[in-house]
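In my numbering, the protein residues as written are 14 to 132. The beta carbon of each residue, even a glycine, is placed where N, CA and C say it ideally should be. Working notes, beginning with the structure itself.
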Amino acid sequence: QLRVAGEGLPALICDAIGAERAEAAEAAVLQELSPQMARLRLSCTLPYSPGYCGMALTEQRKLFGLFGDQSAGVSLSETCLMRPLKSISGLIGVASESLVVAHGSPCDRCELHQCAMRR
């Protein structure tokens, strides 16, 4: 709405805050899940999402197919844009620690060496 009203800077600031909050939510899920999996002698992979490092954005359709459209109050457009904006989706793998370590970080296989998200 701010962009439509010609408020470029406030819109940019709100967009940045929304992106940061979405990433913080993802980190909170991983922080909550990891100790639970550790009690079962399992480890979590880094989150991986459609649109990241070679995973096609259209993979959103498969994720939404698993849970059904609107199951979390999020809808998917024909172009794979989620509504509300700043919604996130993705995968977190769970396996034995040795398998997670052997698989490594997806960043190890990514060709975007200057990526700000590189871990």
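Neighbour flag for residue i against chain C, beta carbons, 8 Å
| i | result |
| --- | --- |
| Leu-98 | Although the question refers to chain C, the structure presented lacks it and comprises just one protein chain. |
Whole-angstrom C-beta distance between residue j and residue i, which should lie under 8 Å
| i | j | result |
| --- | --- | --- |
| Ser-102 | Gln-73 | 6 Å |
| Gly-78 | Cys-123 | Not a contact, Cβ separation roughly 26 Å. |
| Ser-47 | Glu-110 | That belief does not hold up - the Cβ atoms of Ser-47 and Glu-110 are roughly 11 Å apart, past 8 Å. |
Closest residue to residue i among the options (Cα-Cα distance)
| i | options | result |
| --- | --- | --- |
| Ser-100 | Glu-36, Ile-26 and Cys-27 | Glu-36 |
| Ala-69 | Asp-28, Leu-55, Ala-24 and Cys-93 | Cys-93 |
| Arg-96 | Ala-85, Asp-121 and Val-42 | Ala-85 |
| Glu-91 | Lys-75, Gly-106, Ala-29 and Ile-105 | Lys-75 |
| Ala-108 | Thr-71, Leu-98 and Gln-49 | Gln-49 |
| Ala-40 | Asp-121, Leu-22 and Ile-105 | Ile-105 |
| Arg-54 | Leu-125, Ile-30, Leu-112 and Glu-33 | Leu-112 |
| Ala-29 | Leu-89, Cys-120, Leu-98 and Ser-88 | Leu-98 |
Burial state of residue i (16 or more Cβ within 10 Å)
| i | result |
| --- | --- |
| Phe-80 | exposed |
For residue i: DSSP bridge partner residues
| i | result |
| --- | --- |
| Cys-57 | Val-107 |
| Arg-96 | Ser-88 |
Notebook entry, point to check: Any contact of the stretch 60-72 with the stretch 107-118, i.e. 3+ C-beta pairs under 8 Å?
Noted result: Touching, no.
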